[in-house]
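For the sequence shown, our numbering begins at 20 and goes up steadily by one. Down below is the structure, laid out as structure tokens.
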Amino acid sequence: MYKKLCFRLTALCLGVLGIAIFMTNSSIKTTVNAEVAANPLLSKWEGPYGGVPPFDKVKIADFKPAFEAAMAENLAEIDKIANNPAPATFENTIVAMEKAGHTLDRVSTIYGIWSGSMSNAEVQAVETEMSPKLAAFGDKISQNAALFKRIETVYNAASTKKLTAEQQRLAWLNYTNFVRAGAKLGAEQKQRLSAINQKLAGLFTKFSQNLLADETGPYVTLETEADLAGLSKSLRDSTAQAATAKGVKASGIIRNTRSSVDPFLTYSDRRDLREKVWKMFVNRGDNGDSHDNNAGITQILQLRAERAKLLGFATHAHWRLEPQMAKVPENAMKLMEGVWPAAVARVKEEVADMQALANKEGTKIKIEPWDYRYYMEKVRKERYDLDQNEVKPYLQLDKIREAMFWVAGELFDFSFKQVTNVPVYQADVTVYEVKNKKTGKHVGLWYFDPYARDGKRSGAWMNAYRSQERVAGDITTIVSNNSNFVKGKPGEAVLISWDDATIMFHEFGHALHGLSSNVTYPTVSGTNVARDYVEFPSQLLEHWVSTPEVLQKFMLHYETGKPIPQALVDKIEKASKFNQGFATVEYLSSALVDMKLHLAGDKKIDPDAFEKQTLADLGMPSEIVMRHRTPQFGHVFSSDGYSAGYYSYLWSDVLTADSFGAFIEGKGPYDKAVATKLTKYIFSVGNTIDPAEAYRNFRGRDPNVDALMIKRGFPVKK
Ligand SMILES: [Zn+2]
């Protein structure tokens, strides 16, 4: 399943700033003037659980001065480390860096939330001004020659070989990250590199703001009863709710976000409106107006290509892939191209089924992209007698959340209890304390921000507000899950789809990865792992949605409280591989275009033309559009985060599919012994070990790609 967006997870994307590696903790006191001292963003987090973010004290006007003070403090810390007269040691260099940047880390965390979930014109003005400055700041550290010399000395020292495995990996990681960021370049090249990074930071910000504008501005109005044809009561309610929230007088509106658009495309009988909504959605960032992203993308691609060359790599893709499990683009391409033909072949079958159904109904149409979800649903009904509307009443948001907690209790020994003694940034956000249910020990906090609103980017993601570590004391983690469900009427259950429930488990998998962390150093903590590995724990957790225990205990009808009938479960099970052609092709086409854009080198690229040509060469079925078209591909163009990295979901899914086999070969999904191994070797180790080795420790062998093909119902090559 590839329906999730996990981008901008500060921990995963190294987010907003892309410099998280330099932003860890500080114990060094710096003198600050009175004005700065009064800025609550700079204060140590006070309150229970080792301190919590002061969301009740945030003023947007404080961000800029807070950043400036925090950057100055961090630079002073770094200078002190770099200019230490004592010979470089692991302790006075690497560990000292782990202890630096605490204040900047705190400011960035809160800023990241405002930029992603609480945005407005005032926040955007701060982003526009600060993002190039933050990029320049990151370069100032990675280009600090004295600092790099010390890191290099420690990395090469014989004494380092005697350190713990985690310490050796941290030394290697520091060295590698600095080299990758240009530490070995000459002065002129460094200057150019920094100029490129600043320019890119500005372009990323503009890209995100354009996309947000196109997702929050346009909408399609549903005026009459006829416009609502085919929509269920709950869908009608939510479109009406969306209209009210927007202050529009109409029966309902379809917002330009996936959670609003997809259900409409699935159920609306109005083909003309489906086409209108579909076109609005797939043209985000591509309307030739002031929010058009094409010119920005052309610049981003050229700058990335130039930067890769400066750093000694053939292309941006080669530079990005080097620290990943895949190592080189060829390995990622091989996997994608291996799966692609089976997925396209399956789409042809799916389209033939849909066309046959349309013909039978007597509608003389050819299946178009705005028909796919609609007819797919009809085929599902006909073939499996499975109506998603029949399933939805059993999927209450609150109950699914309880199901996740219960699964976490079974697999990870975690307990969750809501707490109200900490500030939140928005009234809908709830907070839970996580404990080890056996020892009662505090594990961390989990913040949950479930609903869509203006100023919040679309999709679902996980965020780490604070990393687990033991350098500056026994620091526990704070993580959050964010999604965009349409808020229901007060007191009424929010019903979600099966896919939504799966996405919730996915993001919760990221949260559990963070919460399970048991390492010493923040840089290698929790979800700070290779991009093509980080989706493995999250995708693995998706498998527990359909376990009998979850179905029986938590999928309860919102009116009767009765569990979902077994007959319906059987139908869901039978239909589980249905539509994998569509899901795989819409994802994989995006991943292939992403990789090819970044393999193309420094030629000037027209994004629309490149996308069109690439899809034609691939033999893209005309009935499907990429899940993220280039002008709206936030994963790839709102930061370097998932650039040349969207393949990561597939790469990780090879591990996911193969590792779930360990439970099946054991006593099933709740096999305690396998779960214990999973925590020990995968969820708790962060980036303290090479991921391929971690996987072998868990599974006793390398992953086998067949499990992925079987999971999707594709034929396995002999
Ligand atoms: Zn994810």
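Glycine residues also receive a C-beta, built at the ideal position from the N, C-alpha and C atoms. Because the structure is a prediction, the values reported are computed rather than measured.
Closest residue to A19 among V704, N455, H529 and V505 (Cα-Cα distance):
Outside the displayed span of the chain (20 to 737) sits residue 19, for which this structure offers no information.
Using only CA atoms, which one of N378, Y391 and A115 lies nearest to K367?
The residue given as residue 367 occupies position 348 in the sequence shown. It is Y391.
Cα-Cα, which of V358, S150, V347 and M352 is closest to F601?
For the purposes of this step, residue 601 is identified with residue 582 of the sequence shown, where counting begins at 1. Minimum Cα distance to F601 is reached at V358.
Should D659 go down as buried or exposed, given a rule of 16 or more other Cβ atoms within 10 Å for buried?
In the sequence shown, the residue the question calls residue 659 occupies position 640. Buried, by the Cβ-count rule.
8 Å Cβ cutoff met for S557 and E526:
Position 538 of the sequence shown holds residue 557. Position 507 of the sequence shown holds residue 526. The answer is yes: Cβ separation under 8 Å.
Can we count E554 as close to ligand 1, meaning its CB is less than 7 Å from some heavy atom?
As a first step, residue 554 is located in the sequence shown; it is residue number 535 there, counting from the start. Yes, the beta carbon of E554 sits closer than 7 Å to at least one heavy atom of ligand 1.
Is S434 helix, strand or coil by DSSP?
For the purposes of this step, residue 434 is identified with residue 415 of the sequence shown, where counting begins at 1. Strand.
Apply the 10 Å Cβ neighbour rule to T285 and answer buried if 16 or more other Cβ atoms are within range, or exposed otherwise.
Along the sequence shown, one-based indexing puts residue 285 at 266. Looking at its Cβ environment, which holds 16 or more other Cβ atoms inside 10 Å, T285 is buried.
Give the DSSP-derived three-state secondary structure of K593 in the structure shown.
Indexing the sequence shown from 1 puts residue 593 at position 574. Residue state, collapsed to three classes: helix.
Looking at the strands, I want to know which residues DSSP matches up with Q415.
Walking along the sequence shown from the start, residue 415 turns up at place 396. Answer is L514.
Give me the Cα-Cα distance between T240 and H310, rounded to the nearest whole angstrom.
Mapped onto the sequence shown, residue 240 falls at position 221. Mapped onto the sequence shown, residue 310 falls at position 291. Cα-Cα distance, rounded: 21 Å.
Compare the beta carbon distance of T112 and I100 with 8 Å and say whether it is the shorter of the two.
As a working note, residue 112 is residue 93 in the sequence shown. As a working note, residue 100 is residue 81 in the sequence shown. Cβ distance < 8 Å, so T112 and I100 count as in contact.
Would the region 603 to 623 count as touching the region 637 to 649 if we require 3 or more Cβ pairs under 8 Å?
yes
Verify the contact flag: S227, CB atom, against every heavy atom of ligand 3, threshold strictly below 7 Å.
You won't find ligand 3 in this model; what it holds is ligand 1.
Where do the ends of the beta strand (DSSP E) carrying D288 lie?
The residue you call residue 288 lines up with position 269 of the sequence shown. No beta strand (DSSP E) holds D288; DSSP gives it neither H nor E.
Straight-line CA distance for V513 to M116?
Within the sequence shown, the letter at position 494 stands for residue 513. Within the sequence shown, the letter at position 97 stands for residue 116. When rounded, the distance between both Cα atoms is 46 Å.
Roughly how many angstroms lie between the CA atoms of D81 and K152, to the nearest whole one?
Sequence index remark: in the sequence shown, residue 81 carries index 62 (1-based). Sequence index remark: in the sequence shown, residue 152 carries index 133 (1-based). Those two C-alpha atoms are separated by around 16 Å.
Out of G687, L330 and H335, which has the shortest C-alpha to C-alpha gap to K209?
Residue mapping note: residue 209 aligns to position 190 of the sequence shown, counting from 1. Among G687, L330 and H335, the Cα nearest to that of K209 is on L330.
Report back the beta-carbon spacing between P734 and V673 to the nearest angstrom; my notes put them in contact at under 8 Å.
Locating residue 734 in the sequence shown gives position 715, counting from the first residue. Locating residue 673 in the sequence shown gives position 654, counting from the first residue. 16 Å between Cβ atoms; not a contact.
Could you tell me the alpha carbon to alpha carbon distance between T317 and A327, rounded to whole angstroms?
Taking the sequence shown and counting its residues from 1, the one referred to as residue 317 is at position 298. Taking the sequence shown and counting its residues from 1, the one referred to as residue 327 is at position 308. If I take the Cα positions, the gap works out to 16 Å.
Count the other CB atoms, across all protein chains shown, that sit within 10 Å of the CB of T183; report buried if there are 16 or more and exposed otherwise.
Stepping through the sequence shown from its first residue, residue 183 is reached at position 164. With fewer than 16 other Cβ atoms within 10 Å, it is exposed.
May I ask you to verify whether the region 678 to 694 touches the region 425 to 432, counting CB pairs closer than 8 Å and requiring at least 3?
yes
Please determine, among S703, T695, F717 and I624, the residue with the shortest C-alpha to C-alpha distance to N313.
Translated into positions along the sequence shown, residue 313 becomes position 294. Measuring from the Cα of N313, the nearest candidate turns out to be I624.
Tell me whether N102 is buried or exposed, calling it buried when 16 or more other Cβ atoms sit within 10 Å of its Cβ.
Here residue 102 corresponds to residue number 83 of the sequence shown, with the count starting at 1. With fewer than 16 other Cβ atoms within 10 Å, it is exposed.
If you reduce the DSSP assignment to three classes, tell me which class H647 lands in.
In the sequence shown, counting from the first residue as 1, residue 647 sits at position 628. In this structure, H647 counts as coil in the three-state DSSP scheme.
Closest Cβ-Cβ distance between I522 and chain B: below 8 Å?
Considering every chain present, this structure includes no chain B. It has just one protein chain.
Is the beta carbon of L192 sitting closer than 8 Å to the one on L204?
For this step, residue 192 is matched to residue 173 along the sequence shown. For this step, residue 204 is matched to residue 185 along the sequence shown. No, Cβ-Cβ distance for L192 and L204 is not below 8 Å.
What first and last residue would you give for the alpha helix (DSSP H) that runs through M344?
If you number the sequence shown from 1, residue 344 lands on position 325. Careful: M344 lies outside any alpha helix (DSSP H) and carries neither H nor E.
Does DSSP put V569 in a helix, a strand or coil?
Here residue 569 refers to the residue found at position 550 of the sequence shown. Of the three classes helix, strand and coil, the one that applies to V569 here is helix, per DSSP.
Closer than 7 Å: is that where the CB of H525 sits relative to any heavy atom of ligand 1?
Here residue 525 refers to the residue found at position 506 of the sequence shown. Within the cutoff, so yes.
Sequence-distant residues of the same chain with beta carbon closer than 7 Å to F300, five excluded per side
Your numbering for residue 300 matches position 281 in the sequence shown. Closer than 7 Å at Cβ, skipping near neighbours: N275 and V280.
Answer with buried or exposed for P650, where buried requires no fewer than 16 other C-beta atoms within 10 angstroms of its C-beta.
Here residue 650 refers to the residue found at position 631 of the sequence shown. That one is buried.
Check for me: the alpha helix (DSSP H) holding K17 runs from which residue to which?
Outside the modelled stretch of the chain, which goes from 20 to 737, sits residue 17, for which no answer is possible.
G600: first and last residue of the uninterrupted alpha helix (DSSP H) it sits in:
By 1-based counting over the sequence shown, the position of residue 600 is 581. Where G600 is concerned, the enclosing alpha helix (DSSP H) stretches over Q599 to L618.
Judging by CA-CA distance, which residue of E387, A190 and S609 is the nearest neighbour of I708?
The residue labelled residue 708 in the question sits at position 689 within the sequence shown. With distances taken between Cα atoms, I708 lies closest to A190.
Among Y540, M423, M639 and F197, which one has its Cα closest to the Cα of E185?
Your numbering for residue 185 matches position 166 in the sequence shown. Closest option to E185, Cα to Cα, is Y540.
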